[in-house]
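Participant:
Protein chains in written order, with this note's numbering: chain X, 100 to 397; chain G, 4 to 287.
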């Protein structure tokens with residue numbers, strides 16, 4: 100996911116214009132045709148890199164190997180006593196499931212891509228065309244992720260099959276459904292959160308420092324490094340106040356069956372609320388940002 | 004070929020020029036230093052959390068909290084030295100080859116490997132070196148003043164520690180320059196940085212944690228084939244745990260580390276010169 104860019108070529112821009120010119124029938128079908136075209140273009144663009152994807156995905160499991168050895172040593176020293184309610188097996192399963200969660204919620208290149216378009220003036224393409232910038236990026240991202248899953252399912256399935264003994268068995272249907280919901284919400288949350296950071300570019304022009312600070316905090320507070328249940332109390336409460344835990348910890352813990360009943364419903368509602376918050380925030384930022392936008396570049 | 008004194012002079016010029024360049028963007032320099040130290044503090048927080056749940060890493064390995072923090076400080080020292088002196092240069096090698104910029108380096112009357120390995124110095128990475136020194140001092144203070152079984156620190160241990168930290172830097176540098184040189188053959192090697200990150204990932208923990216059916220072969224490979232486990236483990240063991248709880252001393256491994264360092268440097272030099280021979284200028 101490292102060499103990922105916002106798919107945005109002149110070719111796609113031209114195509115869009117054609118499809119949105121076909122306003123003849125009704126504006127609703129025209130809109131559907133527009134969005135379908137965007138999705139198709141983005142899909143084609145993403146499929147170019149399929150080999151790179153598959154190899155990159157397998158490589159991304161390597162850092163987990165050291166984490167697993169570390170926890171094995173910790174559990175050995177503890178005489179296999181659970182840590183924060185997690186057994187050693189749960190830790191392995193948790194790490195693998197956060198990989199799935201991150202595959203949904205991580206948005207490489209989104210923040211920087213939006214900021215770059217603002218800086219270079221490329222964004223005015225969206226200001227004069229009847230295509231919404233955030234909607235366009237969302238669909239490109241959906242396409243990117245769809246292609247990614249189609250290719251990445253092979254290495255993921257292989258690793259999960261090899262590690263099947265670490266899982267407590269298949270989750271129940273309701274857990275699975277809740278987990279899928281948490282994952283889809285994690286995708287939306289990740290997208291709108293990072294889009295908002297990119298839109299800060301209307302005010303700051305250079306957002307790489309902001310993106311780096313975000314990466315720093317999300318690495319630890321999203322639960323990517325360890326299950327957040329391990330944290331002692333003031334920290335545990337604080338972490339739950341941020342939206343970051345829904346990016347990795349929450350979907351993984353749900354799929355592992357650690358969060359159930361009322362807490363699960365409550366968690367999903369809060370996650371959805373965060374998504375709505377960032378959707379609205381991105382709308383407001385885009386509106387005020389375009390007002391002060393001064394169109395640099397040619 | 005230049006005399007040894009001129010090499011030093013050239014290097015000092017590189018270092019000065021880089022400092023001037025760094026100081027041109029002072030705010031950026033400050034932000035980079037602060038963020039890298041913040042990153043290190045967060046890592047420290049993670050390990051503090053782990054030691055809330057366990058008294059040592061692994062059963063009877065002797066890696067307790069302060070021993071491990073001395074280990075962590077050693078990791079910081081080695082990595083910050085590599086990041087200061089070699090990383091900014093090795094990152095560019097693949098670009099130099101693709102754009103044909105390597106021609107200019109080849110034409111200069113100085114050893115090419117020296118020139119392209121040390122041209123830039125990233126001074127902001129030294130912030131982590133300072134942080135590593137602080138962490139090391141605190142850890143060693145705790146280890147030498149603890150009530151039971153305190154470590155007696157001799158001047159020789161300190162000298163050997165510094166020496167083996169430099170050996171670690173040399174091993175990592177060899178690995179890095181060897182990998183970068185392969186981009187002469189491969190055209191472009193964009194995943195080099197990832198590969199580097201994944202390989203050195205194994206060096207971040209005491210070698211004892213790699214045990215069991217999969218762990219032992221992994222430890223053997225990472226010690227004797229690609230000696231990344233030597234890098235931090237040998238200096239850290241010298242300063243924090245000279246004798247393990249089973250009574251094995253660090254010295255056999257330290258002797259092997261000398262061989263590994265010399266071998267890594269020689270092999271990487273050989274790869275570099277062999278790769279250079281197949282270099283076909285890319286541009287104009």
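We treat Cβ as the ideally placed atom computed from N, Cα and C, and that holds for glycine.
#1: Between the C-alpha atoms of residue 370/X and residue 297/X, what's the straight-line distance to the nearest angstrom?
#2: Beta-carbon within less than 7 angstroms of residue 86/G's beta-carbon, same chain only, minus the 5 sequence neighbours each way: which residues are those?
#3: In the DSSP assignment, find the unbroken alpha helix (DSSP H) run with residue 275/G in it and report its ends.
#4: Within 7 angstroms (strictly less), CB to CB, does residue 204/G reach chain X?
#5: Determine the contact status of residue 63/G and residue 248/G, defining contact as a CB-CB distance below 7 angstroms.
#6: Does any C-beta atom of chain X lie closer than 7 angstroms to the C-beta of residue 61/G?
#7: Along the chain, where does the alpha helix (DSSP H) containing residue 295/X start, and where does it finish?
#8: Alpha carbon to alpha carbon, how far is residue 319/X from residue 106/G?
#9: Quick one: which chain X residues come within Cβ less than 9 angstroms of residue 216/G?
#10: Since residue 175/G contacts residue 198/G with CB under 8 angstroms, what's their CB separation in whole angstroms?
#11: Report yes or no: do three or more beta-carbon pairs, one from the region 207-217 of chain G and one from the region 145-160 of chain G, lie closer than 8 angstroms?
#12: Are residue 300/G and residue 263/G touching if we call contact CB-CB under 7 angstroms?
#13: Cβ atoms of residue 170/X and residue 288/X: under 7 angstroms apart, would you say?
#14: At which residues does the alpha helix (DSSP H) containing residue 35/G begin and terminate?
#15: Check distances from the C-beta atoms of the region 318-345 of chain X to those of chain G and list, in chain order, the residues that come in under 8 angstroms.
#16: For the putative contact between residue 185/G and residue 278/G, defined by C-beta atoms under 8 angstroms, what is the C-beta separation to the nearest angstrom?
#17: Given a limit of 8 angstroms on CB to CB distance, which residues of the region 245-264 of chain X reach chain G?
#18: Taking residue 170/X as part of the alpha helix (DSSP H), name the residues at either end of that continuous run.
#19: Residue 275/G: which of 42/G, 104/G, 119/G sits nearest, CA to CA?
#20: Could you tell me whether the region 34-45 of chain G touches the region 127-147 of chain G, where touching means 3 or more Cβ pairs closer than 8 angstroms?
#21: Quick one: is residue 23/G buried, meaning 16 or more other Cβ sit within 10 Å of its Cβ, or exposed?
#22: Evaluate contact between the region 92-104 of chain G and the region 44-64 of chain G, counting only Cβ atoms and requiring at least three cross-stretch pairs below 8 angstroms.
#23: Can you give me the start and stop residues for the alpha helix (DSSP H) that residue 179/G sits inside?
#24: For the alpha helix (DSSP H) that contains residue 332/X, what are its first and last residues?
#25: Do residue 89/G and residue 179/G come within 7 angstroms of each other at the CB atom, strictly closer than that value?
#26: On the DSSP bridge assignment, give the partners of residue 228/G in chain order.
#27: Counting only C-beta atoms, is residue 218/X closer than 7 angstroms to chain G at any point?
#28: Name the residues in the region 176-192 of chain G whose C-beta lies less than 9 angstroms from a C-beta of chain X; which are they?
#29: Along the chain, where does the alpha helix (DSSP H) containing residue 220/G start, and where does it finish?
Facilitator: This is what the structure gives:
#1: Rounded to whole angstroms, residue 370/X to residue 297/X spans 21 angstroms at the Cα level.
#2: Contacts found: 125, 128.
#3: 254-280 is the extent of the alpha helix (DSSP H) around residue 275/G.
#4: Residue 204/G counts as touching chain X.
#5: Yes. Within cutoff.
#6: By this cut-off, residue 61/G is an interface position.
#7: Residue 295/X -> alpha helix (DSSP H) spans 272-298.
#8: Here the alpha carbon of residue 319/X sits roughly 44 angstroms from the alpha carbon of residue 106/G.
#9: For a Cβ distance threshold of 9 angstroms, nothing in chain X lies close to residue 216/G: the least Cβ distance comes to about 11 angstroms.
#10: The Cβ separation is near 13 angstroms, so there is no contact.
#11: In short, these stretches do not touch, since the Cβ pair count stays below three.
#12: Only positions 4 to 287 of chain G appear in this structure, which leaves residue 300/G out of reach.
#13: Taking 7 angstroms as the Cβ cut-off, residue 288/X and residue 170/X do not qualify as a contacting pair.
#14: Looking at the DSSP string, the run of the alpha helix (DSSP H) that includes residue 35/G is 29-56.
#15: Within the region 318-345 of chain X, the qualifying residues are 318, 319, 324, 325, 329, 330, 331.
#16: Sure, about 7 angstroms apart at Cβ, within 8 angstroms.
#17: Interface annotation for the region 245-264 of chain X against chain G: empty, criterion Cβ-Cβ distance under 8 angstroms.
#18: Run containing residue 170/X: 161-176, per the alpha helix (DSSP H) assignment.
#19: With distances taken between Cα atoms, residue 275/G lies closest to 119/G.
#20: Yes: at least three Cβ pairs fall under 8 angstroms.
#21: Per the 10 Å Cβ criterion, exposed.
#22: Segments in contact, no.
#23: In the DSSP annotation of this structure, the continuous segment of the alpha helix (DSSP H) that includes residue 179/G starts and ends at 158-184.
#24: 332-339 is the extent of the alpha helix (DSSP H) around residue 332/X.
#25: Yes.
#26: Bridge partners of residue 228/G according to DSSP: none are assigned.
#27: Not an interface residue.
#28: Interface annotation for the region 176-192 of chain G against chain X: empty, criterion Cβ-Cβ distance under 9 angstroms.
#29: Here the alpha helix (DSSP H) through residue 220/G covers 215-223.
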